[in-house]
Structures are given as C-alpha cells and as structure tokens.
RNA sequence: GGCUCCGUCGUCUAGUGGCCUAGGACUCUGGCUUCUCAAGCCAGCUACGAGGGUUCGAAUCCCUUCGGAGCUACCA
C-alpha cells in the first residue's frame with residue numbers, strides 16, 4: 022500500500038429513501054476516518070438506479086449529513102477537482118470505459134433475455150449448481166450476433182470473469198478469498214447503455230483516487246467484481262483501494278436494519294428530539310469502541326480516537342434505550358444557551374409559544390428545571406405548556422383526584438398561606454407551604470404537594486412544584502388554585 | 001441450494017495464552033435520596049453457542065459442529 026499518504030475516503034450512498042441508521046453509521050465512520058487521518062472525505066451520490074433514486078432523496082441526504090455535522094471536502098455543494106459527484110452526470114465516462122473493456126475483450130455483449138436467464142438460473146438451482154450467468158454469449162460468432170440483432174435484441178455489456186480467484190485483505194476481516202467459479206460474469210451496462218453499480222463504483226473509485234473504501238458488509242461479495250474492473254482499467258494491484266467492510270446494524274428482528282423493521286430514518290430521530298451528537302456518539306459505539314471504558318465521547322474525541330483496526334467484525338443490534346440514555350446525557354451536558362436554541366423550535370412547532378422575546382425569557386428561566394428530566398427534546402412542549410396556556414383547565418381525569426376532602430383542605434390552606442406573600446420566589450413559597458402543610462397539618466410531603474401540583478400544572482407529573490409556582494407568577498398561581506376549590 | 005461473513009451478560013462492548021473466580025455501559029431488579037417525574041448514589045442478576053483438541057495454562061490457537069446474517073438482479 023505505497024502511495025496512501027493522502028487518505029481519500031468516500032461516502033457513496035444510493036439514496037432510494039431517507040438516509041437511515043445504517044447509512045449514517047457508515048457515513049460517520051467514513052467521516053471519522055478521513056478526519057482522523059487528516060485525509061479527505063468525498064461524498065458521491067450513486068444514482069445509477071434512476072428508477073429509485075430521486076432528487077428529493079438526494080436533497081434530504083445532503084440535509085441530514087449537514088445536520089449531523091458530517092462535512093465533506095468534495096461532493097455536492099462543495100465541488101472538487103474530480104467531479105461531478107453525481108453518477109447520473111458521469112454517464113459518458115462509464116460508457117467510454119465499457120466500450121474500452123469491450124474493445125479489449127474483457128467484456129462482451131450478451132443477448133440473453135431476462136426470461137432466458139431466469140429459466141437457466143432456476144435450472145441451476147434445481148441441479149444444485151451455483152446460480153449465475155453460464156457464459157452463453159461469451160464467444161458469439163458474427164453470424165449469431167447478427168441473428169440476435171435481426172431479432173431486435175439489444176445486448177447488455179457483460180464482464181468476462183477469468184478462471185482463478187480473487188483474494189484481498191479486508192482491513193476489518195483479514196484475507197477474504199472468492200473463487201471465480203462462484204463469481205459469474207456480471208453486467209456492467211444495461212441494454213439501454215446505462216451503467217450499473219458495479220461499473221460505476223469501480224470506475225469512480227479509481228478516477229476519484231479513493232484510497233480507502235469503508236462500506237457496509239453487504240458489499241463484501243461484490244468486491245471481487247470491482248477488483249475485476251480495476252484490472253480491466255489497467256490499475257496496478259498496489260493502487261487498489263483498501264477495503265474495510267463494516268458490520269451491519271441490525272434491527273430487533275435480527276435482520277439488517279431496513280425500513281421494515283423500525284424507525285430508521287434519521288429524519289424521524291430529528292423530529293423526536295435526538296441531538297446529532299447523541300446519534301453520532303451512539304452509532305459510533307455500534308461496531309467500534311474507544312478501547313477503554315469511556316463511552317460518552319464528543320465528536321472531536323471520536324475523530325482523535327477512531328481507527329479502522331478497532332472496528333468490530335460482528336453485527337450489532339440497534340438499541341433505542343441506549344440511544345435515549347446517551348441523548349439524555351447529552352441534553353444534560355448542554356449549556357443553557359444551547360439548550361434554549363434546541364428547545365425553541367420544538368416549542369414553536371408544538372404551538373406552545375409563538376417565539377416572541379417575552380416567551381423566550383420565560384422558557385429560558387424554565388429550562389434549567391426540566392433539563393435533567395427529559396431524554397428527548399420532543400418532551401419539552403408538554404412539560405412547559407402549563408406556563409403558556411391561556412385558558413388553563415385541569416383535565417377531568419386529574420380533576421377527580423382533587424375532589425376529596427383532604428385535597429380540598431390542602432388547597433384551601435395553601436391558598437390562605439400563599440396569598441399574603443409579598444415576594445414570590447420558590448424558596449419563600451416552599452417555606453410557608455412546608456410549615457403549614459407538613460409541620461402543622463402533619464401531612465406527608467408527597468401527599469401534601471400532589472394536589473397543588475395538579476391544580477397548578479394540570480398533571481401529577483411536572484417540573485418541581487415551587488419553581489413552577491414561581492415561574493407561573495403569583496396571580497396565575499392563585500387563580501388556578503382558586504379554580505379547583507369547590508364552593 | 002451455493003458462496004461469503006459473523007458468534008463474550010437481554011443489548012452494545014473490553015478482552016490478541018496466564019493480569020479473567022471475565023471488566024464497563026444500557027436495560028432490568030432491589031435499596032438510598034426525594035414535593036411528582038427524572039437525575040444522582042449503592043447493590044444485584046446475567047455471558048465466552050456446543051463438542052473435541054493443542055498447552056503446565058484458552059474467551060483468546062486448531063478442528064468439527066450448530067446457529068445467525070449477507071450475497072446469489074439489466075438493485076445497490
């Protein structure tokens with residue numbers, strides 16, 4: 022591996038939907054490796070499957086990466102000297118190479134129809150043979166070719182797989198070897214001339230001078246095909262990129278994570294109020310670890326510590342609970358200003374506030390008391406709503422808990438003690454209420470304060486009571502207590 | 001079916017022949033703290049897939065076996 026001094030890693034998704042957890046874990050490792058080595062991250066869109074990749078998904082992918090803080094040095098929006106970085110804009114390049122392979126005899130035209138291929142494949146399966154292209158069109162005579170043409174058949178371009186085997190050293194798995202009899206001649210370009218993944222990926226990795234290919238394990242068995250294309254391109258073995266196939270991220274059902282088994286779209290995590298740094302931190306721990314017992318790490322620490330050698334080869338199951346735990350840690354570690362910045366969109370979106378300065382001030386003073394009680398930002402609106410609702414009413418379900426005599430008594434006593442208060446701060450409120458309800462009435466705190474909590478916040482689960490009263494203000498607090506005292 | 005990869009607590013992991021009566025984190029259970037909910041603190045549960053070797057000694061090396069996953073497209 023001679024000239025790998027300038028590391029060039031690529032993240033090359035095929036956005037057939039929103040980027041998901043698996044994609045992002047790969048992107049994160051690509052990014053971390055590039056940054057760790059001081060190399061470049063190339064972001065390339067593999068949109069040769071035009072049926073499934075749409076502009077909308079491409080935009081979403083770019084947006085998601087940015088949101089996560091995974092920046093790239095070459096690719097969409099930033100350009101670079103090896104562009105364009107959308108494969109759909111590089112079609113002539115692939116066509117040129119396909120023709121060259123044809124001219125060299127490395128590839129050939131194949132006229133077999135989809136039906137014929139399918140038929141022969143199932144026959145192979147039945148007779149216990151390895152399924153795959155049987156080489157029927159490998160050496161067609163001129164006459165056979167013209168016969169096919171007269172039938173109106175359009176050929177695909179197929180790569181000739183020579184006898185032998187392909188072995189390469191995977192940076193995560195060690196030496197991997199494939200015998201060519203199990204790697205059938207594969208299609209490089211469709212009958213309409215458009216390229217397939219196997220062609221485009223290999224050509225681009227060479228042309229874009231990629232030195233390290235870190236990608237999902239699902240592509241492991243397509244590696245010999247790519248190497249075959251390198252050979253046809255005349256690339257020396259010493260110039261091949263280093264491959265590292267990352268283990269899968271799996272869902273609860275033990276299958277590779279996909280849309281079918283769980284919430285995998287990063288957009289969903291974003292809406293739920295997961296912090297990018299929490300997602301990255303958690304994902305980094307799936308298949309990799311810093312080595313010591315440290316788990317809560319910053320993006321910078323990830324960059325400093327990340328090496329491919331420490332990447333695991335076994336698949337990891339995605340665990341929402343752990344993500345949530347990490348998210349909670351990250352939220353608690355936020356400065357007040359940052360926490361405010363993250364919170365506001367959620368509050369505005371939920372229509373709890375409109376976003377004016379006055380409201381923001383209230384939010385800012387309320388955030389410290391809920392910071393350690395949430396695991397996702399999406400919980401904030403429900404927690405702070407009681408501070409902003411105009412026509413506050415306790416829901417019937419909770420109201421029922423206030424009807425008994427004991428509760429009514431607590432409310433009346435509390436009201437009497439609190440009404441004359443000159444200054445309205447949580448310490449002072451707490452002092453009078455404790456002395457009246459706990460010391461004098463002899464109530465247990467959890468009993469005594471429960472009724473007040475419901476009266477004032479509308480729920481038996483709320484931020485700390487006295488701070489909540491202070492934030493609400495004397496006037497509204499008293500009004501709410503009065504409202505639930507039955508005459 | 002064939003090929004390839006993978007196999008340590010429920011989950012993520014540490015571990016590269018002796019430091020392992022297997023460590024950490026999340027979850028779970030119990031307790032402490034406590035105005036609710038959290039957070040915090042303490043304790044507990046639970047794992048080297050199985051079977052054979054090699055070795056004075058194996059989670060670590062070898063073999064077999066079982067299990068899981070991926071690929072097997074004119075998808076990527």
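In this note's numbering, the protein residues as written are 22 to 508.
Using N, Cα and C, we set each Cβ at its ideal position, and we do this for glycine too.
This one's a predicted model, so the numbers in the text were calculated from it and none came from an experiment.
DSSP state of residue i mapped onto helix, strand, coil
{"i": "residue 488", "result": "helix"}
{"i": "residue 236", "result": "strand"}
{"i": "residue 344", "result": "helix"}
{"i": "residue 107", "result": "strand"}
{"i": "residue 23", "result": "Bear in mind that a pLDDT of 38 at residue 23, under 50, signals an unreliable position, so the model cannot answer this."}
{"i": "residue 191", "result": "strand"}
{"i": "residue 477", "result": "helix"}
{"i": "residue 494", "result": "coil"}
{"i": "residue 174", "result": "coil"}
{"i": "residue 315", "result": "coil"}
{"i": "residue 320", "result": "helix"}
{"i": "residue 157", "result": "coil"}
{"i": "residue 409", "result": "coil"}
{"i": "residue 143", "result": "helix"}
{"i": "residue 416", "result": "coil"}
{"i": "residue 339", "result": "coil"}
{"i": "residue 461", "result": "helix"}
{"i": "residue 102", "result": "coil"}
{"i": "residue 204", "result": "coil"}
{"i": "residue 504", "result": "helix"}
{"i": "residue 286", "result": "strand"}
{"i": "residue 31", "result": "strand"}
{"i": "residue 272", "result": "coil"}
{"i": "residue 514", "result": "This structure gives no information on residue 514, because the portion of the chain shown stretches from 22 to 508."}
{"i": "residue 294", "result": "coil"}
{"i": "residue 349", "result": "helix"}
{"i": "residue 96", "result": "strand"}
{"i": "residue 425", "result": "coil"}
{"i": "residue 229", "result": "coil"}
{"i": "residue 366", "result": "helix"}
{"i": "residue 358", "result": "helix"}
{"i": "residue 469", "result": "helix"}
{"i": "residue 440", "result": "coil"}
Rounded Cβ spacing between residue i and residue j (contact assumed at less than 8 Å)
{"i": "residue 224", "j": "residue 178", "result": "Contact doesn't hold; Cβ gap of about 13 Å is too wide."}
{"i": "residue 479", "j": "residue 413", "result": "7 Å"}
{"i": "residue 194", "j": "residue 127", "result": "Not a contact, Cβ separation roughly 28 Å."}
{"i": "residue 9", "j": "residue 56", "result": "A query on residue 9 cannot be resolved here, the shown segment of the chain reaching from 22 to 508 and no further."}
{"i": "residue 347", "j": "residue 439", "result": "Not quite, the Cβ-Cβ distance comes to about 41 Å (not below 8 Å), so this is no contact."}
{"i": "residue 450", "j": "residue 487", "result": "5 Å"}
{"i": "residue 28", "j": "residue 232", "result": "5 Å"}
{"i": "residue 475", "j": "residue 415", "result": "6 Å"}
Reference residue i; option with closest CA among the options
{"i": "residue 332", "options": "267, 384 and 319", "result": "267"}
{"i": "residue 482", "options": "410, 395 and 98", "result": "395"}
{"i": "residue 102", "options": "228, 145 and 56", "result": "228"}
{"i": "residue 205", "options": "247, 176, 172 and 196", "result": "247"}
{"i": "residue 368", "options": "357, 400 and 138", "result": "400"}
{"i": "residue 52", "options": "86, 67 and 73", "result": "86"}
{"i": "residue 452", "options": "490, 95 and 329", "result": "490"}
{"i": "residue 390", "options": "323, 218 and 352", "result": "352"}
{"i": "residue 100", "options": "131, 506, 63 and 120", "result": "63"}
{"i": "residue 321", "options": "84, 91 and 67", "result": "91"}
{"i": "residue 249", "options": "236, 345, 219 and 273", "result": "219"}
{"i": "residue 504", "options": "32, 125, 468 and 420", "result": "420"}
{"i": "residue 125", "options": "252, 274, 470 and 344", "result": "252"}
{"i": "residue 371", "options": "183, 294 and 356", "result": "294"}
{"i": "residue 286", "options": "29, 30, 235 and 38", "result": "38"}
{"i": "residue 93", "options": "485, 54, 237 and 108", "result": "54"}
{"i": "residue 199", "options": "299, 171 and 186", "result": "186"}
{"i": "residue 226", "options": "485, 386, 338 and 33", "result": "33"}
Strand pairing of residue i, partner residues [DSSP]
{"i": "residue 216", "result": "210"}
{"i": "residue 309", "result": "332"}
{"i": "residue 180", "result": "128"}
{"i": "residue 62", "result": "30"}
{"i": "residue 267", "result": "237"}
{"i": "residue 197", "result": "189"}
{"i": "residue 41", "result": "286"}
Near the ligand SAM: residue i beta-carbon under 7 Å from a heavy atom
{"i": "residue 379", "result": "Summarising the ligand content, the structure contains no ligands, and the ligand SAM is consequently not present."}
*asked:* Taking contact to mean 3 or more Cβ pairs, one atom from each stretch, closer than 8 Å, check whether the region 353-369 and the region 381-388 are in contact.
replied: yes
*Counting Cβ pairs closer than 8 Å, one from the region 461-480 and one from the region 414-430, do we hit at least three?*
yes
*Count the C-beta pairs between the region 102-120 and the region 60-80 that are closer than 8 Å, then say yes if the count reaches three, no if not.*
The region 102-120, when compared against the region 60-80, does touch it at the 8 Å Cβ threshold.
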